[in-house]
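Asker:
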Amino acid sequence: MVFGRERVEYKTPEQVRAMRKAGLLTYAALESVRSALRPGVTLAELDALGAEVIRTGGGTSNFLGYHGYPKTLCISVNEVVVHGIPGDQVLAEGDVVSVDGGCVVDGWHGDSAFTAIVGEPVDPADAELVEITRTALWAGIAALDARGRVGDVGAAVEDAVDGRLGIVDGYTGHGIGTAMHMAPEVLNYRVREKGPKVKPGLVLAIEPMCTRGGIETDVLADDWTVVTSDGTRAAHWEHTVAVLDEGLWVLTAPDGGASELAAYGITVPEG
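Mapping of the sequence shown onto my numbering: residues 4 to 274, in sequence order.
#1: Using a 10 Å radius around the Cβ and a threshold of 16 neighbouring Cβ atoms, would you call Glu146 buried or exposed?
#2: Alpha carbon to alpha carbon, how far is Glu188 from Asp155? Give it in angstroms, no decimals.
#3: Can you grab the Cα-Cα spacing for the pair Gly7 / Val244, in whole Å?
#4: Specify whether the stretch 90-102 and the stretch 59-78 touch according to this definition: at least 3 beta carbon pairs, one from each stretch, less than 8 Å apart.
#5: For Thr255, which residues from the same chain have a beta carbon less than 6 Å from its beta carbon, with the 5 sequence-adjacent residues on both sides left out?
#6: To the nearest angstrom, how far is the alpha carbon of Phe66 from that of Cys106?
#7: Looking at C-alpha atoms only, which residue of Pro272, Ala149, Val153 is the closest neighbour of Lys197?
#8: Less than 8 Å between the CB atoms is what I'm expecting for Pro211 and Thr118, so what's the real figure, rounded?
#9: Locate the alpha helix (DSSP H) running through Glu123, then write down its first and last residues.
#10: Report the rounded CA-to-CA distance for Trp111 versus Ala163, giving the unit in angstroms.
#11: Does the pairing of the stretch 211-224 with the stretch 36-49 give three or more beta-carbon distances under 8 Å?
#12: Which residues in the same chain as Asp1 place their Cβ atom closer than 6 Å to its Cβ, once the five residues preceding and following it in sequence are excluded?
#13: May I ask you to report which of helix, strand or coil DSSP gives Pro148?
#14: Relative to the alpha-carbon of Ala95, which residue among Ile120, Thr231, Tyr174 has its alpha-carbon at the smallest distance?
#15: Using three-state DSSP, classify Gly169 as helix, strand or coil.
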């Protein structure tokens, strides 16, 4: 079903259950990469690992070939915010690594991202960067439970960050379903125009991106890699989230988001 001037695609419960398959396979691919993060591993090796999990799980990458993108995952290190192309770069102790990926199963898309530190942080502020951004993601997800407007997500993210980090300008979350990027746009900060209503069938990819410094970014000569203009380190977290009559369901989390959303007094329906 498609409604509204932004042509938001609202899903039936059956379609959301179909999307869960893509969500769980996306989770499995990213977890395989997370478990392999260590000094000495190359980004290309991590990309190949995620690709194999998607392939053997019966899915296809929704990143590979997207507008010409050459890899299965985006792996962004330190000052790279998003869209880092995995190559021969070797990870070192203390690197801040953001891994973004997704897949398609039976025509439905999943999309998720996490940030982790390789080994031990070289600076305690790196650990704070990762954790504040992760907490902001869950605050944004929890905001959907009030069934207000999509713009409430960005307000919740901004409040969770509370001025401690820069919230990257120009890159947003999005609707997701039969395509990876769909309406509505999901901003990561408070705006006057709050967008479509949150109601059952809405599925969003919520993805705050934060930095230890400013909000400005530059795109490198490869036309993909986005870096902080001031060279400070960045973090990126993302989940695909469905709004159901019964509540919220985080499709890219194995427990549906239950453990994290419990802190907000939100009970996740059994899937």
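Glycine included, every Cβ here is placed at the ideal spot set by N, Cα and C.
Answerer: Concretely, from the data shown:
#1: If you number the sequence shown from 1, residue 146 lands on position 143. The sequence as given places Ala at residue 146; Glu does not occur at that position. Ala146 should be labelled buried.
#2: Residue mapping note: residue 155 aligns to position 152 of the sequence shown, counting from 1. Residue mapping note: residue 188 aligns to position 185 of the sequence shown, counting from 1. Between Asp155 and Glu188, the C-alpha separation is close to 12 Å.
#3: Here residue 7 is taken as the residue at index 4 of the sequence shown, counted from 1. Here residue 244 is taken as the residue at index 241 of the sequence shown, counted from 1. Summary for Gly7: the model assigns pLDDT 40, below 50, so the residue's position carries little reliability, and this model does not support an answer.
#4: yes
#5: Mapped onto the sequence shown, residue 255 falls at position 252. If we look at Thr255 and ignore the five residues flanking it on each side, its Cβ neighbours are Gly26, Thr29, Tyr30, Gly113, Ser115, His242, Thr243.
#6: The residue you call residue 66 lines up with position 63 of the sequence shown. The residue you call residue 106 lines up with position 103 of the sequence shown. Computed Cα separation, rounded: 8 Å.
#7: Taking the first residue of the sequence shown as position 1, residue 197 is located at position 194. Among Pro272, Ala149, Val153, the Cα nearest to that of Lys197 belongs to Val153.
#8: In the sequence shown, counting from the first residue as 1, residue 211 sits at position 208. In the sequence shown, counting from the first residue as 1, residue 118 sits at position 115. Actually they are not in contact, since the Cβ atoms of Pro211 and Thr118 sit about 10 Å apart, beyond 8 Å.
#9: In the sequence shown, the residue the question calls residue 123 occupies position 120. Element bounds for Glu123: n/a, residue is neither H nor E.
#10: By one-based count along the sequence shown, residue 111 stands at place 108. By one-based count along the sequence shown, residue 163 stands at place 160. Roughly 31 Å separates the two Cα atoms.
#11: no
#12: Residue 1 lies beyond the range of the chain shown here (4 to 274); nothing can be said about it.
#13: If you number the sequence shown from 1, residue 148 lands on position 145. Residue 148 is actually Asp in this sequence, not Pro. Residue state, collapsed to three classes: helix.
#14: The residue you call residue 95 lines up with position 92 of the sequence shown. Nearest C-alpha to Ala95: Ile120.
#15: Within the sequence shown, numbered from 1, the residue matching residue 169 stands at position 166. Strand.
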